[in-house]
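To start, the structure itself, in structure tokens.
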Amino acid sequence: MALWFRDIDWGQIAQATLETLQMLSGSLVFVVVLGLPLGIVLFLTGNGQRWAQPGVYRGLSLLVNVIRSMPFVILLILLIPVTVAITGTSLGVVGAIPPLVIAAAPFFARLVETALREVEPGLIEAALAMGASDAQLIMAVLLPEARRGLIAAVTVTSIALVSDAAMSGAIGGGGLGDLAIRYGYQRFQTNVMVVTVLLLLALVQTLQFIGDRLVVHFSRK
Amino acid sequence: MPPPLIELVSIAKTYKTGKTEVPALQDINLEIEAGEVFGVIGPSGAGKSSLLRLINLLEKPTSGRLRADALELTALNPAGLRRWRRQVGMIFQHFNLLTSKTVAENVALPLRFAGIRRGPELRERVTELLARFDLSTLAQRYPAQLSGGQKQRVGIARALACRPKILLCDEPTSALDPQTTKAVLALLNAINREFGLTIVLITHEMDVIRQVCDRVAVLDGGRCVEVGPVAEVLLHPRHPATRRLVLESEKVDETEQGKDLAQSGGPIFRLTLRGEATYEPLLGSVAQAAGVDYSILSGRIDRIKGVPYGQLTLALVGGDLSTALAQFAERGVHVERLR
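Chains as they are written, first to last, in our numbering: chain A, 41 to 261; chain B, 2 to 340.
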């Protein structure tokens with residue numbers, strides 16, 4: 041067993057793990073910053089809601105669906121010029137973040153919309169009857185009442201990001217995916233592949249565990 | 002007489018579902034006086050809920066004029082509308098408390114919306130409200146930990162946080178058991194007197210109207226078919242829809258009642274007594290004086306907002322009928338000939 045792991049460069053593995061975590065946290069921040077407002081707008085412009093705007097809703101919905109139906113590997117390559125324009129490079133951790141954000145933000149926005157739809161319509165009505173402005177409605181009612189759904193949305197999105205980040209290794213994105221492809225696949229070092237997969241598994245499990253605990257913590261029902 | 006607090010003039014409301022238009026309210030004309038408890042009753046689908054929501058403009062009328070407190074409500078801009086809504090509290094059948102906030106935070110919510118953020122002022126008002134509605138010990142609980150009656154008390158405290166002039170009640174007791182219903186209705190009566198609050202209440206139960214309302218409007222199929230003082234409308238219903246609601250609340254089956262009446266001989270009268278007269282010894286002395294005999298076909302003694310009333314259906318046999326009727330009239334009894 042020890043022999044089998046003999047030629048693994050643990051320093052390199054640690055470096056790759058760190059890169060994956062950087063890609064995950066860096067992109068997650070932007071995904072939430074962009075996806076949360078987009079999800080709120082999707083919800084509010086939807087049928088029967090406060091800002092009901094069938095045209096706007098359909099347009100945003102189409103955009104979200106187009107991005108979501110694009111395989112991430114293709115999106116990565118298509119976005120290279122955009123990425124270079126934003127960050128100056130398409131490589132490494134920094135180069136991986138723009139495509140990750142563009143792929144995951146619409147996904148997250150859709151989950152936000154779904155979570156907001158779970159809010160009892162009576163609560164929205166009560167808030168409006170109290171004289172709430174739209175901003176107050178969102179901040180004091182919609183987001184707190186959808187808290188559990190929103191935490192679950194962040195959890196699911198971050199797990200999707202782990203998978204996408206690994207894929208970005210295919211075009212030089214760095215991280216565990218990059219390691220798995222270069223050593224595990226191209227150099228036939230199955231042991232490196234196994235270790236990276238185990239690390240990714242542990243990461244996903246940890247994210248899910250934290251997410252579930254937070255949901256339970258914030259349950260008031 | 003002072004002008005009415007709320008005035009609805011030929012209001013209509015239609016909903017569009019796809020291409021078809023569904024009328025919810027048609028030709029509604031109502032005046033609601035300051036300080037009264039105004040009830041709106043009707044079967045489900047009669048348009049009660051739409052009517053109530055017109056007053057705080059959660060629903061906009063399709064046509065007609067809506068005035069309140071010298072304001073033309075339909076002409077308000079968004080900021081003016083929010084200001085108006087702060088003067089109108091609202092409570093709901095399912096309470097609509099925020100599950101993510103404590104009792105104290107729920108009660109504080111309208112104050113925060115109104116821009117009161119400074120600690121002491123906010124805290125003082127919330128403490129005062131919680132104390133008034135016996136919620137002090139529950140301040141840090143979440144709604145899920147409360148009983149239905151407690152939830153509605155929180156709803157009332159929250160609705161009154163900004164010292165509104167008007168309280169809208171949307172089926173406030175329909176999700177509560179009979180005992181809690183009584184307590185909540187008593188509380189509504191108390192705040193009506195205590196704060197001079199005008200209350201507009203919708204319900205499908207005549208008993209609720211009987212216990213708290215001063216005046217009532219009956220809605221049927223989107224139209225207002227009858228409006229007047231509760232005693233007047235309940236004891237002498239004119240419209241078939243009203244009669245149906247009254248009989249329903251008295252648990253009387255119309256066809257069975259008809260059979261009972263058909264079995265007895267002689268003319269049949271309905272006697273209505275109100276106030277102290279309800280307790281007077283009456284039948285025996287009138288029967289003696291007029292030499293008539295009587296059989297009681299049905300009877301009921303109850304209260305309308307605390308004032309007792311009695312209603313008896315009698316068959317009068319033999320004797321001097323006109324003397325009997327004159328005697329009843331003399332004693333302030335309202336007599337109606339049914340047959």
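All C-beta atoms in this analysis are idealised placements derived from N, C-alpha and C, irrespective of residue type, glycine included.
**Report entry** Member of B:Gly307, B:Ser101, B:Arg118 whose CA lies at the smallest distance from the CA of Ser259 (chain A)
**Finding:** Taking the first residue of the first sequence as 1, we reach residue 259 (chain A) at position 219. Of B:Gly307, B:Ser101, B:Arg118, the smallest CA-CA separation from Ser259 (chain A) is found for B:Ser101.
Query raised in the report: At a CB-CB cut-off below 7 Å, which residues of chain B make contact with Val181 (chain A)?
Result: If you number the first sequence from 1, residue 181 (chain A) lands on position 141. Ordered by position in chain B, the residues that pass the 7 Å Cβ test against Val181 (chain A) are Leu99.
Query raised in the report: Among A:Glu165, A:Ala145, A:Leu239, A:Val256, which residue has its Cα nearest to the Cα of Ser51 (chain B)?
Result: Here the question's residue 51 (chain B) lines up with position 50 in the second sequence. Residue A:Glu165 is the option with its Cα nearest to Ser51 (chain B).
Query raised in the report: With DSSP run on the structure shown, which of helix, strand or coil describes Ala132 (chain B)?
Result: Mapped onto the second sequence, residue 132 (chain B) falls at position 131. Shown here, Ala132 (chain B) sits in a helix according to DSSP, grouped into three states.
Query raised in the report: By the 10 Å Cβ neighbour count, where 16 or more other Cβ atoms means buried, how is Gln153 (chain B) classified, buried or exposed?
Result: The count along the second sequence starts at 1 and reaches residue 153 (chain B) at position 152. When all chains shown are included, Gln153 (chain B) counts as buried.
Report task. Leaving out five residues on either side along the sequence, give the residues of the same chain with a beta carbon under 6 Å from the beta carbon of Gly75 (chain A). Result -> Against the first sequence, residue 75 (chain A) aligns to sequence position 35. Within the same chain, Gly75 (chain A) has close Cβ partners Ala145, Phe148, Ala149.
Requested in this report: Would you mind listing the alpha helix (DSSP H) stretches within the stretch 183–218 of chain B that are 4+ residues and don't spill past its ends, in chain order?
Outcome: 207–213
Query - Buried versus exposed call for Ser198 (chain A) [16 or more other C-beta atoms within 10 Å across all chains shown] - result: As a working mapping, residue 198 (chain A) is identified with position 158 in the first sequence. Buried: at least 16 other Cβ atoms inside 10 Å.
Query raised in the report: My guess is that Gly217 (chain A) and Ala205 (chain A) are in contact by the Cβ rule of under 8 Å, so how many angstroms apart are they, rounded?
Result: Locating residue 217 (chain A) in the first sequence gives position 177, where the first residue counts as 1. Locating residue 205 (chain A) in the first sequence gives position 165, where the first residue counts as 1. Sure, about 6 Å apart at Cβ, within 8 Å.
Query raised in the report: For the beta strand (DSSP E) that contains Ala69 (chain B), what are its first and last residues?
Result: Position 68 of the second sequence, counted from the first residue, corresponds to residue 69 (chain B). Looking at the DSSP string, the run of the beta strand (DSSP E) that includes Ala69 (chain B) is 64–69.
Query raised in the report: Which two residues bound the contiguous beta strand (DSSP E) that contains Cys308 (chain B)?
Result: Sequence index remark: in the second sequence, residue 308 (chain B) carries index 307 (1-based). Position check: residue 308 (chain B) holds Val in this sequence, whereas Cys was assumed. Val308 (chain B) -> beta strand (DSSP E) spans 308–318.
Query raised in the report: Is there contact here, the stretch 224–242 of chain B with the stretch 313–328 of chain B, by at least three beta-carbon pairs under 8 Å?
Result: no
Query raised in the report: Considering only residues of the stretch 219–284 of chain B, which uninterrupted alpha helix (DSSP H) runs meet the minimum length of 4 residues and lie entirely inside it, listed in chain order?
Result: 231–236, 241–250, 255–264
Query raised in the report: Would you call Asn105 (chain A) buried or exposed, if buried means 16 or more other Cβ atoms sit within 10 Å of its Cβ?
Result: On the first sequence, position 65 is the one that residue 105 (chain A) refers to. When all chains shown are included, Asn105 (chain A) counts as exposed.
Report task. Verify the contact flag: Ile210 (chain B), CB atom, against every heavy atom of the ligand HEM, threshold strictly below 8 Å. Result -> Of ligands this structure carries none, so the ligand HEM is not represented either.
Query raised in the report: Under three-state DSSP, which class holds Asp321 (chain B)?
Result: As a working mapping, residue 321 (chain B) is identified with position 320 in the second sequence. Under the three-state reduction of DSSP, Asp321 (chain B) is assigned to coil, being neither helix nor strand.
Query raised in the report: CB-CB under 6 Å to Gly86 (chain A), same chain, minus the five flanking residues each way: which ones, in chain order?
Result: Along the first sequence, read from residue 1 onward, the residue named residue 86 (chain A) stands at position 46. Once the five neighbours on either side are set aside, the close Cβ partners of Gly86 (chain A) are Tyr97.
Query raised in the report: Taking buried to mean at least 16 other C-beta atoms within 10 Å of its own C-beta, is Trp85 (chain B) buried or exposed?
Result: As a position in the second sequence, residue 85 (chain B) is number 84, starting the count at 1. Its Cβ being crowded by 16 or more others within 10 Å, Trp85 (chain B) is buried.
Query raised in the report: Roughly how many whole angstroms lie between the Cα atoms of Ala136 (chain A) and Ala200 (chain A)?
Result: Counting from 1 along the first sequence, the entry for residue 136 (chain A) is found at position 96. Counting from 1 along the first sequence, the entry for residue 200 (chain A) is found at position 160. Taking the straight line from one Cα to the other gives about 14 Å.
Query raised in the report: What separation, rounded to the nearest whole angstrom, lies between the Cα atoms of Glu227 (chain B) and Arg244 (chain B)?
Result: Taking the second sequence and counting its residues from 1, the one referred to as residue 227 (chain B) is at position 226. Taking the second sequence and counting its residues from 1, the one referred to as residue 244 (chain B) is at position 243. Rounded to whole angstroms, Glu227 (chain B) to Arg244 (chain B) spans 11 Å at the Cα level.
Report task. Could you tell me if Phe228 (chain A) is buried or exposed, where buried requires 16 or more neighbouring beta carbons within 10 angstroms of its beta carbon? Result -> Numbered from its first residue, the first sequence carries residue 228 (chain A) at position 188. Exposed is the call here.
Report task. Kindly indicate which three-state DSSP category Val96 (chain A) falls into: helix, strand or coil? Result -> Sequence index remark: in the first sequence, residue 96 (chain A) carries index 56 (1-based). Three-state result, Val96 (chain A): helix.
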